[in-house]
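J.:
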Amino acid sequence: MEKIQETSPLRFVYNDKIVSENIDSRRRHAVLFYEEPEYAAQICFGFVLAGLDARNSCGYVSKDPVEYVRNEMMAVGALDYEQLVKEGILKVEQFADLYDYPGGAKKGLEEIAARLSWNTGTGKGGNGAAARKTRAEYIRLQAKNQDRAIVLDRAVLKCLHKVRLSEEVKANMSLEKKHHTNFHMFAQTSLLVSYPVRNILATAKGQSEIYSDWMNVLIRKYDTVIYAFSSMDGGIALNLA
Amino acid sequence: MSYRVNWYYERYYHPLYDKIWQVLLTNLHHSLRIRPLMTENAGYHPHHNISFGDEGNYYQVAFDKVRDNLSRGLASVYAIQSIATEDTRAAVIRGMEKVGIDNVAQHVESGMIVLIDNNTFYSKAGLNTQALKNYWRSILANMNRKLKSSYNGVSALFSAESYVNRNLYDTFMAWEILEDRRPAVQSELFCWYKKQWLDRLSFIHLVRLFTSHNSTVHKNWNYKDWSDSEIVDLIEQGIERILGPKPTQVLIETVRMRYGLSREEIASRPEYFESILHKMLEDDASTILDSAADVLKKALAYEAIHQNGRALPTGKNRGRPSDGRLG
Chain W
4 MEKIQETSPL RFVYNDKIVS ENIDSRRRHA VLFYEEPEYA AQICFGFVLA
54 GLDARNSCGY VSKDPVEYVR NEMMAVGALD YEQLVKEGIL KVEQFADLYD
104 YPGGAKKGLE EIAARLSWNT GTGKGGNGAA ARKTRAEYIR LQAKNQDRAI
154 VLDRAVLKCL HKVRLSEEVK ANMSLEKKHH TNFHMFAQTS LLVSYPVRNI
204 LATAKGQSEI YSDWMNVLIR KYDTVIYAFS SMDGGIALNL A
Chain S
427 MSYRVNWYYE RYYHPLYDKI WQVLLTNLHH SLRIRPLMTE NAGYHPHHNI
477 SFGDEGNYYQ VAFDKVRDNL SRGLASVYAI QSIATEDTRA AVIRGMEKVG
527 IDNVAQHVES GMIVLIDNNT FYSKAGLNTQ ALKNYWRSIL ANMNRKLKSS
577 YNGVSALFSA ESYVNRNLYD TFMAWEILED RRPAVQSELF CWYKKQWLDR
627 LSFIHLVRLF TSHNSTVHKN WNYKDWSDSE IVDLIEQGIE RILGPKPTQV
677 LIETVRMRYG LSREEIASRP EYFESILHKM LEDDASTILD SAADVLKKAL
727 AYEAIHQNGR ALPTGKNRGR PSDGRLG
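Quick mapping for you: the protein sequence lines, in order, are chains W and S.
Each residue of the first sequence is one higher than the one before, starting from 4 at the first, in the numbering used here.
Each residue of the second sequence is one higher than the one before, starting from 427 at the first, in the numbering used here.
1) Which of the residues in the region 691-725 of chain S, read from start to end, lie with their CB under 9 Å from any CB of chain W?
2) Could you tell me whether the Cβ of Val676(S) comes closer than 8 Å to any Cβ of chain W?
3) Can you list, in chain order, the residues of its chain with a C-beta nearer than 7 Å to that of Met569(S)? Leave out the 5 residues immediately preceding and following it.
4) By the three-class DSSP mapping on this structure, what secondary structure does Leu195(W) have?
5) Around the Cβ of Met706(S), are there at least 16 other Cβ atoms within 10 angstroms (buried) or fewer (exposed)?
6) Taking the Cβ atom as the reference point for each residue, do Gly62(W) and Lys20(W) lie within a distance shorter than 8 Å?
7) Against chain S, which members of the region 61-87 of chain W pass a CB distance test of less than 7 Å?
8) Which parts of the region 560-633 of chain S are runs of the beta strand (DSSP E), unbroken and 3 residues or longer, counting only runs that do not cross its ends?
9) Going by the beta-carbon positions, is the gap between Arg157(W) and Val69(W) smaller than 8 Å?
10) Starting from Gly111(W), trace the alpha helix (DSSP H) both ways and give me its first and last residue.
11) What in chain W is Cβ-close to Glu679(S), meaning under 7 Å?
12) My understanding is that Ile229(W) touches Phe15(W), with C-beta atoms under 8 Å, so please give their C-beta distance in whole angstroms.
13) Helix, strand or coil for Ala505(S) per DSSP?
14) May I have the straight-line CA-CA distance separating Leu241(W) from Asp651(S), to the nearest angstrom?
15) Is Leu583(S) closer than 8 Å to Lys491(S) when the C-beta atoms are compared?
16) Helix, strand or coil, according to DSSP, for Asp19(W) in the structure here?
17) Please report whether the beta-carbon of Val22(W) lies at a distance below 8 Å from any beta-carbon of chain S.
18) Going by beta carbon distance, what residues of the same chain come within less than 7 Å of Thr206(W), once the five residues before and after it are set aside?
19) Got a sec, what are the start and stop residues for the alpha helix (DSSP H) Thr642(S) sits in?
20) Using a Cβ-Cβ cut-off of 8 Å, state whether Arg14(W) counts as contacting chain S.
21) Against chain S, with Cβ distances strictly below 8 Å, would Tyr230(W) count as a contact?
22) In chain order, what residues of the region 610-630 of chain S put their CB closer than 9 Å to some CB of chain W?
23) So, does the region 714-721 of chain S touch the region 663-673 of chain S, judging by three or more C-beta pairs under 8 Å?
24) Does DSSP classify Thr511(S) as helix, strand or coil?
25) Shorter than 8 Å from the beta carbon of Leu632(S) to some beta carbon of chain W?
26) How about Leu660(S): is its C-beta nearer than 8 Å to some C-beta of chain W?
27) Across which residues does DSSP place His474(S) in a beta bridge pair?
28) For Ala190(W), which residues from the same chain have a beta carbon less than 6 Å from its beta carbon, with the 5 sequence-adjacent residues on both sides left out?
29) With H, G and I counted as helix, E and B as strand and the rest as coil, what does DSSP make of Arg138(W)?
30) Since I believe Leu119(W) is in contact with Leu163(W) (beta carbons under 8 Å), could you give me their beta-carbon distance rounded to a whole number of angstroms?
31) In the DSSP assignment, the alpha helix (DSSP H) including Phe36(W) goes from what residue to what residue?
32) Mind checking who Gly238(W) pairs with in its DSSP beta bridge?
33) For the candidate residues Gly209(W), Ser211(W), Leu55(W) and Leu204(W), whose alpha-carbon lies nearest to that of Tyr17(W)?
34) Listing by chain order, which chain B residues have their CB less than 7 Å from the CB of Leu669(S)?
35) Would you tell me roughly how many angstroms separate the C-alpha atoms of Leu178(W) and Ala108(W), rounded to the nearest one?
36) Between Ser233(W), Ile115(W), Ser211(W) and Lys208(W), which has its C-alpha nearest Thr192(W)'s C-alpha?
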């Protein structure tokens, strides 16, 4: 019997399945549930590296220090990190937990969107000049929106929200229910949002009450789901929309 | 008890009652073992069954079945072979005589054996499922008129060959499902399949074969009832061959969470399940569905009725074969 590989998480991201097809003229948003942080890092970096290979602009936002992410990313894939950052093709940002963000989670999302954007007009917003230079064609296509920020092609939002305690899970569930629609800020960005789960299978089977409810909410909100079990057990990536 | 059932169906039929009655019967069969009693008392097995055979023994076992029916006072409908010409008709009668049925022509004359050309269903009903159903019911009614009270029931052997050969299996399947909604309790139906037809059937067809029949029939007339959960067990086995156990289980749970299709419902809504898999897995869905179909085929044709030897498969959550038997 023929075996298929395209559903394995790493193959899925390296083959750019997340960005393969737009939905209603917006890009796909994927959620990654993982059991091992190291495996999740491979998947998230894989998503970014596949984007860089395709000359997409990529963002990586996590609670980890930028230097730490830089080193990890360079360990996974050979890339000219400094040059890519300088050109505005790659943005790595550290971000505090959305749960505790001053002004609320919506403000936090706006802040993330701002950090993943550059301004095409006056140069405000960081790497505008470099971005214009390297992504001239893209910007020309966006000529009508000269004064508006353009977000990156793809981004990883990793562990922006604590989901260890039940209160945190409830808060995240509320965030996804209330503010997922605000993800239109990322309509032109392929997003990969990752969350740790102690036991994916038990949670999916509904054996973990609050966590199962939370997973259920996220499965209904996202366009793609990637389950990464322990690296020994692999996982599966599924399109939902 | 069976007479009460007949009376009930004829006077107060409602689709919901069928469902309730089937659930009651299924539970009773397993807990109180009343099915053998029903079979002995009424002289027939009031179920819609499916059996598979190799080309070589396909007709032989059917002839044996007709002989055993006669010994139990059951009239037989034999509709699995061509009798379009005198020669083919004579060959069928000779086949019956070879298994020890005396005076076949006399039984045909009396109405205890009804020979129907296997193409007649298509020529009479074509693509009209309702016509197919009506034709079958007219056969029963004619037999009832002719035999009056001199028989204990009807045992019918049907073939889907005329539809399978024309690639019109959907029509036959629609009839199978329609018939299942109102079981003909005065008769037992055996859909007499050849193993090689299985390769022409899709995943959806195969699931429907399980759900539209009460039992599969295996060696030594061993009946196996399949619950929806057991059918999904088979589908899962097929998916696991490709994806492995954990991914398969989260796949099934994701189908439930995102699309509201529970594990048990997969058996009753295979079309929806298939469309979801195509959405979730794109081109890879075909590989997975083929694998699931392969497991379903093996379970359907396992220990085909003419064979001797091993018992039924005993995988996870596999129910025991029911002990009802006939013939």
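Glycine included, C-beta positions come from ideal geometry on N, C-alpha and C.
T.: In this structure, then:
1) Lys705, Met706, Leu707, Glu708, Asp709, Asp710, Thr713, Ile714, Asp716, Ser717 and Asp720
2) yes
3) Ala501, Gly537, Val540 and Val580
4) strand
5) buried
6) no
7) none
8) 579-584 and 613-620
9) no
10) Ala108 to Arg118
11) Ala207 and Lys208
12) 7 Å
13) strand
14) 34 Å
15) yes
16) coil
17) no
18) Val200, Tyr214, Ser215 and Met218
19) Looking at the DSSP string, Thr642(S) is not in any alpha helix (DSSP H); the run it does join, the beta strand (DSSP E), is Ser641 to His644.
20) no
21) yes
22) none
23) yes
24) coil
25) no
26) no
27) Leu615(S)
28) Arg29
29) Here the model assigns Arg138(W) a pLDDT of 43, short of 50, so the residue's position is not dependable, and the following value carries that caveat. Reduced to three states, the DSSP call for Arg138(W) is coil.
30) With 8 Å as the limit, Leu163(W) and Leu119(W) do not qualify as a contact, their Cβ atoms being about 12 Å apart.
31) From DSSP, Phe36(W) is part of no alpha helix (DSSP H) but of the beta strand (DSSP E) over His32 to Tyr37.
32) Ala231(W)
33) Leu55(W)
34) Chain labels in this structure do not include chain B; the protein chains are W and S.
35) 7 Å
36) Ile115(W)
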